[in-house]
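Take any residue in the sequence shown, note its place counting from 1, add 208, and you have its number in the working numbering.
Beta carbons are placed, not taken as given, at the ideal position from N, Cα and C, and that holds for glycine.
What follows is a set of notes on a single structure, which appears directly below.
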Amino acid sequence: MKTRSAGEATTPRRLDDLIVFGRYVALFCFVSEFCLLGQCSTMFYFVFAGASPPVETLYCNGDPRTIALTNEDKCQRFMAGNCSRPEISYQFKSIDVEFELYCGLSKVVKNVISFQMLGVLFGAVVFGQLSDSFGRKRALMASLMGCGISQIISAFSPSLFWFIVTRIICGFFLGGSIAVFNVFWVENLPKKSRLWISMLITWSPNMAPLAFIAYLTHTWSSFAVALGAILLFAAILMFFFIHESPRWLIQKGRIAEARIVMQKVFKLDHRDEAECNELEEVLLYEHELIERQRAKSKHYYYYHLFSTPWLTTITLILSFTFFSISIINYGIMFNFEKMSGSIYMNMVYTGLIRWATNVAFAWLDYRHKWCGRKFVHWFGLLFIVLPLLLVIGAHYYEMSEQLSFWIRISILIAVSMTSQIYIAATILSNEIFPTPIRNLGYSFQSFFNRCGVTLSPFVFYLSDYWIGLPFVVMCITALIDILTWHFVLPETKNQAMVEHMPSRKRRNQEKDLTLIKT
């Protein structure tokens with residue numbers, strides 16, 4: 209249908225126009241909170257379970273006098289096998305403490321993080337394809353249940369080997385749940401409220417309860433059981449209260465099922481009869497467009513992300529965004545134990561700073577048109593680069609001891625601002641990719657996201673050469689990301705989601721979008 213001149217007719221309304229913030233969206237947000245808590249806690253599990261206790265408190269052979277030895281002497285004795293019955297102080301009984309992985313052996317646990325993230329990486333790819341084929345809800349429920357069960361099983365691992373195996377399986381389902389959830393989340397939110405809702409209900413506010421759960425459980429095994437229970441509870445809520453994505457049903461040509469889902473949503477929201485009648489018109493219009501698209505192609509795969517120059521460009525840019533920000537975020541967080549202060553409070557402070565900035569950006573997004581996805585991305589990266597430059601300068605001029613407090617604050621600010629980048633990139637990705645390949649696009653970006661997470665522990669191995677080198681690498685990747693977003697990507701705020709693949713005659717997808725560059 210075409211847009212006519214004023215006085216004749218208006219452009220037909222789309223499915224996006226019928227999704228408003230009502231009771232169903234509120235219920236969806238409530239259930240999603242448990243999904244997010246389980247995902248966030250599982251992803252950051254190794255912040256506590258992989259925390260290396262301070263070597264300064266290590267003493268050997270049951271002799272407290274050995275605590276006075278230098279860290280180098282202690283580690284030499286320990287690595288040489290001359291430190292029987294080692295005892296050490298710790299804030300959280302991690303894998304390091306359980307299996308006595310101190311000094312150089314602590315890198316073994318950091319490597320376990322990479323093994324789990326390999327599972328996350330492949331899970332994102334596999335479940336991205338499964339959700340496009342079998343539905344968002346089914347794929348999400350399966351991944352949540354698989355992650356919860358494997359999480360609980362990992363708590364009873366008799367050795368480090370079996371712990372690694374169960375964590376890889378857990379990571380596989382975790383990656384799948386994240387890839388599917390983010391698309392399912394965006395498809396169920398009103399287009400005018402996607403950013404501010406995503407700023408309020410996200411991983412950030414869940415960091416405080418995560419730290420509280422870790423504090424209560426106090427051991428890596430009890431912590432794993434608690435997190436597994438949360439994931440299973442989220443899957444149960446999803447089964448009973450949440451519907452399949454109507455957008456996915458329409459894409460698959462299952463119009464009757466989409467009608468039933470939307471009617472249930474309208475009933476819960478107490479929508480008037482006029483809107484119910486309008487629903488039928490919208491579904492028929494969407495069905496007409498889908499049929500045209502289905503006549504051309506029924507199945508889409510990852511290579512379709514590179515089917516036009518524009519799709520190739522946005523795929524590469526967004527993939528680099530997720531890769532670089534994961535290097536920064538997880539590289540810092542998986543080394544939280546090296547910072548001064550309580551590991552629990554550092555996690556709480558990070559969550560509070562993230563949530564406070566989320567609330568601020570949510571308000572700005574709701575009240576001001578100029579606060580779009582690109583502005584949030586630019587502002588967030590600016591407050592990552594500037595604090596890290598302070599850290600680099602402190603180490604370069606050998607003033608790290610004098611500026612230790614400011615280094616801690618700077619690192620907490622930098623890692624906290626990564627939340628804004630994830631949210632802005634996720635929403636822009638879902639708004640700019642066509643529906644047939646939307647989940648494929650996000651799962652492909654999640655692949656690079658997990659590549660960044662997998663490599664993040666190794667980035668801090670660069671500190672063996674110079675302590676500030678990891679932060680130099682982070683700043684370089686952040687600057688590249690700022691430039692590509694600013695000069696290449698369009699603003700997508702308040703734009704209808706792209707429903708169809710670009711036509712063969714118009715190879716540049718940007719020409720098919722009514723987007724505003726800023």
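Neighbour-count burial assignment, residue i, 16 or more Cβ in a 10 Å radius
i: ASP281; result: exposed
i: HIS603; result: buried
i: SER365; result: buried
i: TRP693; result: buried
i: THR529; result: buried
i: THR250; result: buried
i: GLY379; result: buried
i: MET415; result: buried
i: PRO517; result: exposed
i: THR643; result: buried
i: THR565; result: buried
i: THR520; result: exposed
i: LYS577; result: exposed
i: LYS770; result: A question about residue 770 goes unanswered here, because the residues of the chain that appear run from 209 up to 726.
i: ARG658; result: buried
i: ILE684; result: exposed
i: LYS472; result: exposed
i: ASN543; result: buried
i: HIS585; result: buried
i: ARG402; result: buried
i: ALA363; result: buried
i: LYS475; result: exposed
i: LYS725; result: Note that LYS725 scores a pLDDT of 42, beneath 50, so its modelled location is shaky and nothing firm can be said.
i: PHE420; result: exposed
i: PHE514; result: exposed
i: ASN396; result: buried
Local conformation of residue i per DSSP, three classes
i: THR410; result: coil
i: GLU306; result: helix
i: GLU452; result: coil
i: TYR673; result: coil
i: LEU397; result: coil
i: PRO678; result: helix
i: SER314; result: helix
i: SER260; result: coil
i: PHE364; result: coil
i: SER213; result: Low confidence applies here, because SER213 scores a pLDDT of 44, under 50, leaving its location unreliable and the question unanswered by this model.
i: LEU277; result: coil
i: GLY384; result: helix
i: PHE229; result: coil
i: PRO710; result: coil
i: ASN657; result: helix
i: ARG221; result: coil
i: GLY246; result: helix
i: PHE420; result: helix
i: GLY436; result: helix
i: PHE252; result: coil
i: ASN319; result: helix
i: ASN390; result: helix
i: ASN716; result: For ASN716, the pLDDT reaches just 48, beneath the cut-off of 50, and the residue's location in the model is therefore unreliable, leaving the point undetermined.
i: GLY580; result: coil
Residues bridged to residue i (per DSSP)
i: THR427; result: LYS301
i: TYR267; result: GLU295
Contact with chain B by residue i, beta-carbon distance below 9 Å
i: PHE236; result: Checking the listed chains, one finds no chain B in this structure; it contains a single protein chain.
Exercise. Could you name each continuous alpha helix (DSSP H) segment of 4 residues or more that falls completely within the segment 458 to 513, going from the start of the chain to the end?
Key: 463 to 477, 481 to 504
Exercise. Could you tell me whether the segment 332 to 341 touches the segment 304 to 317, using the rule of 3 or more Cβ pairs below 8 Å?
Key: With a cut-off of 8 Å, the segment 304 to 317 and the segment 332 to 341 do not count as touching, because too few Cβ pairs lie within range.
Practice problem: Could you pull out every unbroken alpha helix (DSSP H) segment of at least 4 residues lying fully inside the segment 583 to 647, listed in chain order? | Solution: 612 to 640
Quiz item: On the three-pair Cβ rule with 8 Å, is the segment 352 to 369 touching the segment 433 to 443?
Solution: yes
Quiz item: Is it true that the segment 369 to 388 meets the segment 446 to 453, where meeting means three or more beta-carbon pairs spaced less than 8 Å apart?
Solution: no
Quiz item: Counting pairs of beta carbons, one from the segment 664 to 673 and one from the segment 590 to 602, are three or more of them closer than 8 Å?
Solution: No, the segment 664 to 673 does not touch the segment 590 to 602.
Exercise. Decide yes or no for the touch test of the segment 549 to 562 against the segment 669 to 680: beta carbon pairs closer than 8 Å, at least 3 of them.
Key: no
Exercise. Output the residue ranges of the alpha helix (DSSP H) runs that lie fully inside the segment 501 to 578 and measure 4 residues or longer, sorted by chain position.
Key: 517 to 541, 551 to 575
Quiz prompt | Three-pair Cβ contact test at 8 Å for the segment 290 to 309 versus the segment 634 to 650 | solution = Segments in contact, no.
Quiz prompt | Given 8 Å, three or more beta-carbon pairs between the segment 322 to 332 and the segment 383 to 395 | solution = yes
Practice problem: Within the segment 324 to 362, note down every full alpha helix (DSSP H) run reaching 4 residues or more, in order along the chain. | Solution: 344 to 362
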